[in-house]
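Colleague: Pasting a structure here, questions to come.
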Amino acid sequence: MPRSHPLPKIWLMTDARFGDDLLPAIQRLPSRSGVVFRHYHLDTQQRRALFAQVLRMCRRRGHIALLAGDERTALHWHADGFHHRSRGQTKLLHSAPVHNPSEIERIQTSQPDLLFLSPLFATTSHPGARPLGPLKFQQLAKLAGHKNVIALGGMTRQNAKMLNPRFIHGWAAIDAFRKKTA
């Protein structure tokens, strides 16, 4: 995906909790959203096969697909970019996860296009982890000095609307995009 393409404001982070609902969840995303494909629990062959399906769905819907992992694998798997702290050598879109001031400081040299800053709120992905909360989140976003900060951790469409747009480019979630079962 060319860097001139507008960066999505809404991102789905994949994990095993989606089960068979992953592709339908991607299809339900607003057009031109982003997907960060993780699915670390799968072996390489299964992960690559599922990523190929995700990539096809993303292409059909106008979404950007990032592969969590190294740039070389992302290139080989035809991803639009990669989600990793290492520095990129190509024109692929590069995002990186950050959680605290020291990670923000270390990531500055790799010059990612996007920073996923978490956890803003309590999240089922990391039960018991202390959330940043809005004030600390804004302080870290300002410290990052990065215009493309993505809020992650306990995010929903509703609480994304409450965030100050001066400090974030968009938001990402897992559970907010999962089909709710009664």
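The number in the working numbering is simply the position in the sequence shown, starting from 1, with 19 added. No residue lacks a Cβ here, since even glycine has one placed at the ideal position from N, Cα and C. These figures come from a predicted structure and were not determined experimentally.
Looking only at its chain, what residues have a beta carbon closer than 6 Å to the beta carbon of I123, apart from the 5 residues adjacent to it on each side?
Modeller: On the sequence shown, residue 123 is found 104 positions in, with the first residue counted as 1. V117, L162 and A163.
Colleague: Provide the residue span of the beta strand (DSSP E) that contains F101, from first to last.
Modeller: What you label residue 101 is simply residue 82 of the sequence shown in a count that begins at 1. Here the beta strand (DSSP E) through F101 covers G100 to H102.
Colleague: Find out if the Cβ-Cβ distance for the pair G189, K28 is shorter than 8 Å.
Modeller: As a first step, residue 189 is located in the sequence shown; it is residue number 170 there, counting from the start. As a first step, residue 28 is located in the sequence shown; it is residue number 9 there, counting from the start. Yes.
Colleague: In this structure, does DSSP put S50 in helix, strand or coil?
Modeller: Here residue 50 refers to the residue found at position 31 of the sequence shown. Three-state DSSP puts S50 in coil, outside helix and strand.
Colleague: What span of residues does the beta strand (DSSP E) with S114 cover, start to end?
Modeller: Residue numbering aside, residue 114 sits at position 95 when the sequence shown is read from its first letter. It spans L112 to V117 - the beta strand (DSSP E) in which S114 sits, taken as one unbroken run.
Colleague: Using CA atoms only, rank isn't needed, just tell me which of A84, L133, D89 and R197 is closest to I187.
Modeller: Indexing the sequence shown from 1 puts residue 187 at position 168. Comparing Cα positions, the closest option is L133.
Colleague: So what's F56 in DSSP terms, helix, strand or just coil?
Modeller: Here residue 56 refers to the residue found at position 37 when the sequence shown is read from its first residue. Residue state, collapsed to three classes: strand.
Colleague: Note down, in chain order, each residue of its chain lying with its Cβ closer than 7 Å to the Cβ of H95, except the 5 sequence neighbours on either side.
Modeller: Position 76 of the sequence shown, counted from the start, is the residue given in the question as residue 95. Excluding residues within five positions, none has a Cβ falling inside 7 Å.
Colleague: Helix, strand or coil for M32? Go by DSSP, reduced to three states.
Modeller: Numbered from its first residue, the sequence shown carries residue 32 at position 13. In the structure shown, M32 sits in a strand (DSSP, three-state: E or B).
Colleague: Express the C-alpha separation of R67 and S105 in angstroms, rounding to a whole number.
Modeller: Taking the first residue of the sequence shown as 1, we reach residue 105 at position 86. Taking the first residue of the sequence shown as 1, we reach residue 67 at position 48. The alpha-carbon atoms of S105 and R67 are separated by roughly 21 Å.
Colleague: Starting from the Cα of H145, find the closest Cα among F70, P25 and D34 and give me that residue.
Modeller: Residue numbering aside, residue 145 sits at position 126 when the sequence shown is read from its first letter. That would be D34, whose Cα lies nearest to the Cα of H145.
Colleague: Helix, strand or coil, according to DSSP, for F186 in the structure here?
Modeller: As a working note, residue 186 is residue 167 in the sequence shown. In the structure shown, F186 sits in coil (DSSP, three-state: anything other than H, G, I, E or B).
Colleague: According to DSSP, simplified to helix, strand and coil, what is A148?
Modeller: Position 129 of the sequence shown, counting from 1, holds the residue named residue 148. Coil at A148, not helix or strand.
Colleague: Based on the DSSP secondary-structure assignment, which residues constitute the bridge partners of A44?
Modeller: In the sequence shown, residue 44 corresponds to position 25, counting from 1. Paired residue(s): none; A44 is not in a bridge.
Colleague: Please confirm whether T128 and D194 have their CB atoms less than 8 Å apart.
Modeller: If you number the sequence shown from 1, residue 128 lands on position 109. If you number the sequence shown from 1, residue 194 lands on position 175. Their beta carbons are not under 8 Å apart, which means T128 does not touch D194 by this criterion.
Colleague: In the DSSP output, which residue or residues are listed as bridge partners for V168?
Modeller: Translated into positions along the sequence shown, residue 168 becomes position 149. DSSP lists L134 as partners of V168.
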